[in-house]
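Going down the list, the sequences are from chains A and B.
Position one of the first sequence corresponds to residue 595 (this note's numbering), numbered consecutively onward.
Position one of the second sequence corresponds to residue 72 (this note's numbering), numbered consecutively onward.
We treat Cβ as the ideally placed atom computed from N, Cα and C, and that holds for glycine.
Note that the structure is predicted; figures quoted are calculated from it, not measured.
Comments concern the structure below.
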Amino acid sequence: MTLLLFRHAAAAPADPDEAATAGAQAADAARPLTARGRRRFRRMARRVARQGYRIDRLLHSPMRRAVETAELLTPALEGTTAVCPELAAPPTEAMLALFQGDCVAIVGHEPWLGETVRMLTGAGALGLRWRKGGLVVLDGQPEPGGMRVVAVVPPDWAR
Amino acid sequence: MPHIAPWLDGLCAALNATRVDAGDAAAVHDLRVATRRLDTWLRLADRRTLRDDLRWLRHAAGPARDLDVVAARPWPPAVASALAERRMAAQRELARAVGSPRAVAIVAALRPSPPLHRRTVEAVLTRMVARLRAERVDPGVVDAVHARRRRLRRVRYAAELIGRPTTALVRLQDALGALSDVNLLQRTLPAEVTPDALRRALADADAAWTRYAPCLEDLR
């Protein structure tokens with residue numbers, strides 16, 4: 595299978611008023627994408643589709659910035675989407691069972707995406723600064739050490 | 072501007088009630104209604120994500136709801152007992168779904184949704200009504216009438232969002248719902264439904280459409 599791991603696109607800072615009323619965690623969860631982040635990731639999504647990736651499972655964290663990023667990927671979607679709270683937390687082996695399909699895309703957060711790649715490839719640190727809107731493509735079986743890195747794609751690849 | 076909060080609060084209330092008691096027929100019904108309303112909301116917002124999650128939740132409640140509808144009729148003790156047993160199995164499945172982290176995450180992911188623009192809802196509603204009025208539906212085909220009912224329901228929810236009158240829509244939906252109940256009964260206990268009962272329900276649904284469909288024009 596092919597696994598496309600996207601870090602969410604660039605998001606606005608948390609709204610201080612919301613942080614004061616609803617708490618810092620709720621305010622962080624409600625951060626929307628910036629106009630620039632949205633514009634740039636829309637180009638990334640178009641290029642992903644042009645490369646021939648047809649996503650049959652799109653998983654995303656419940657954070658607004660991840661939901662909005664996933665929404666921009668839907669032109670390349672030919673299957674279903676699912677909100678996945680596990681993507682807003684450190685990865686576990688149990689989470690890997692959710693990666694079912696020929697081409698699965700996930701939209702999540704650092705540092706957990708990087709930890710997921712390390713778990714799946716069995717490699718050490720990638721030495722990668724995973725920028726917002728960036729993509730890592732893996733290929734193989736979604737089990738510890740069962741995948742290899744095919745591509746590391748910066749967010750401005752699609753410029 | 073229409074906000075998601077009231078409908079999302081409806082989902083939270085239904086989730087909480089089914090978590091306490093998945094055997095609560097009203098809560099199961101409310102859960103399905105809430106997921107449908109939110110699906111309409113996402114359609115109006117032209118969003119694709121989270122709709123599959125809402126469908127998953129709705130389908131988790133489907134078997135329990137279907138059995139509640141069927142069991143609401145008077146049955147001989149043996150049939151009632153068999154239905155109750157099936158209902159217990161269905162509510163175990165439902166309890167697993169509503170108690171899952173995914174159910175919590177659906178609410179969390181929907182909560183920060185920005186409000187819809189009233190003009191957007193009005194424009195989409197106009198298109199939905201035009202399509203509903205223009206489409207040809209064979210009044211003798213249950214699936215076709217059922218599909219019309221689903222579209223009608225989305226029109227009603229969109230109309231509710233912007234405060235348009237929906238009394239006639241609700242009556243029409245109820246009339247089409249009676250056909251769905253007969254159809255459901257036929258799928259659950261085929262021996263209990265005569266072909267004549269289904270024919271009568273189809274005729275009633277068609278009569279209701281003829282009577283109430285002109286009211287759709289008031290929504291444009």
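ask   = Taking all protein chains shown into account, do 16 or more other C-beta atoms lie within 10 angstroms of the C-beta of aspartate 313 of chain B, making it buried, or fewer, making it exposed?
value = What is shown of chain B runs 72 to 291, which leaves residue 313 of chain B out entirely.
key: 8 Å Cβ cutoff, aspartate 179 of chain B in contact with chain A   = The sequence position of residue 179 of chain B within the second sequence is 108, counting from 1. For the sequence presented, residue 179 of chain B should be read as alanine rather than aspartate. Cβ-Cβ to chain A under 8 Å: yes for alanine 179 of chain B.
message = Against chain A, does aspartate 110 of chain B count as a neighbour if the rule is that its beta carbon must be under 8 Å from one of theirs?
response = For the purposes of this step, residue 110 of chain B is taken as the residue at position 39 of the second sequence. It does not; no Cβ of chain A falls within 8 Å.
key: Inter-stretch contact (C-beta, 8 Å, three-pair minimum) for the segment 675-687 of chain A and the segment 132-145 of chain B   = no
key: Given 8 Å, three or more beta-carbon pairs between the segment 737-746 of chain A and the segment 705-718 of chain A   = yes
ask   = Rounded to a whole number of angstroms, what is the C-alpha to C-alpha distance between valine 192 of chain B and leucine 115 of chain B?
value = As a working note, residue 192 of chain B is residue 121 in the second sequence. As a working note, residue 115 of chain B is residue 44 in the second sequence. Whole-angstrom Cα-Cα distance: 6 Å.
task = Under 8 Å between beta-carbons, which chain A residues line up against aspartate 124 of chain B? List them in chain order, please.
result = By 1-based counting over the second sequence, the position of residue 124 of chain B is 53. Under the 8 Å cutoff, chain A gives Thr675, Ala676, Val677.
Interface flag, arginine 167 of chain B vs chain A, CB-CB below 8 Å = Numbered from 1 along the second sequence, position 96 holds the residue referred to as residue 167 of chain B. No, its Cβ sits nowhere closer than 8 Å to a Cβ of chain A.
message = Tell me which residues share the same chain as glycine 133 of chain B and place their Cβ nearer than 8 Å to its Cβ, disregarding the 5 neighbours each side in the sequence.
response = Position 62 of the second sequence, counted from the start, is the residue given in the question as residue 133 of chain B. Here the set comprises Arg103.
ask   = Can you check whether the CB of threonine 120 of chain B is closer than 8 Å to the CB of alanine 664 of chain A?
value = Looking up residue 664 of chain A in the first sequence gives position 70. Looking up residue 120 of chain B in the second sequence gives position 49. It is a contact, given that the beta carbons lie within the stated cut-off.
Alpha helix (DSSP H) segments (min. 4 residues) lying fully within the segment 617-685 of chain A = 618-623, 629-644, 658-667
task = Indicate whether aspartate 124 of chain B and isoleucine 177 of chain B have their beta-carbon atoms separated by less than 8 Å.
result = By 1-based counting over the second sequence, the position of residue 124 of chain B is 53. By 1-based counting over the second sequence, the position of residue 177 of chain B is 106. In contact: aspartate 124 of chain B and isoleucine 177 of chain B (Cβ atoms closer than 8 Å).
key: Cross-chain neighbours of valine 195 of chain B in chain A, by beta carbon under 7 Å   = Along the second sequence, read from residue 1 onward, the residue named residue 195 of chain B stands at position 124. Those do not exist, as valine 195 of chain B stays about 18 Å from chain A at its closest Cβ, beyond 7 Å.
task = Could you list which residues in chain A have their beta carbon closer than 8 Å to that of valine 175 of chain B, in chain order?
result = Working through the second sequence from its first residue, we reach residue 175 of chain B at position 104. Residues of chain A passing the Cβ test: Pro679.
key: As assigned by DSSP and simplified to three states, the class of isoleucine 700 of chain A   = Here residue 700 of chain A refers to the residue found at position 106 when the first sequence is read from its first residue. Reduced to three states, the DSSP call for isoleucine 700 of chain A is strand.
ask   = Closer than 8 Å, CB to CB, is histidine 654 of chain A near chain B or not?
value = Position 60 of the first sequence holds residue 654 of chain A. Histidine 654 of chain A counts as touching chain B.
request  = Consult DSSP for aspartate 766 of chain A and reduce its assignment to one of helix, strand or coil.
outcome  = In this structure chain A extends from 595 to 753, so residue 766 of chain A is not present and cannot be described.
request  = Tell me whether glutamate 263 of chain B is buried or exposed, calling it buried when 16 or more other Cβ atoms sit within 10 Å of its Cβ.
outcome  = Stepping through the second sequence from its first residue, residue 263 of chain B is reached at position 192. That one is exposed.
message = Along the chain, where does the beta strand (DSSP E) containing alanine 745 of chain A start, and where does it finish?
response = Walking along the first sequence from the start, residue 745 of chain A turns up at place 151. From DSSP, the beta strand (DSSP E) with alanine 745 of chain A extends over 741-747.
message = Considering only DSSP beta bridges, list what leucine 290 of chain B is partnered with.
response = Numbered from its first residue, the second sequence carries residue 290 of chain B at position 219. Leucine 290 of chain B is not bridged to any residue.
task = Rank A/Asp733, A/Gly721, A/Ala608 by C-alpha distance to the C-alpha of alanine 699 of chain A and give the top, closest one.
result = Translated into positions along the first sequence, residue 699 of chain A becomes position 105. Ranking the options by Cα distance to alanine 699 of chain A, first place goes to A/Asp733.
Residues in the segment 181-213 of chain B having any Cβ partner in chain A nearer than 7 Å = Pro183
Cross-chain neighbours of leucine 121 of chain B in chain A, by beta carbon under 8 Å = Stepping through the second sequence from its first residue, residue 121 of chain B is reached at position 50. Here the neighbours are Val661, Thr675, Val677.
task = Take glutamine 645 of chain A as the anchor and find which of A/Arg725, A/Pro626, A/Thr596, A/Thr615 has the nearest alpha-carbon.
result = Position 51 of the first sequence holds residue 645 of chain A. The shortest Cα separation from glutamine 645 of chain A among A/Arg725, A/Pro626, A/Thr596, A/Thr615 belongs to A/Thr596.
query = Looking only at its own chain, which residues have a Cβ that is under 6 Å from the Cβ of methionine 199 of chain B, when we skip the five neighbours before and after it?
reply = To locate residue 199 of chain B, count along the second sequence from 1; it is residue 128. So the qualifying residues of the chain are Val226.
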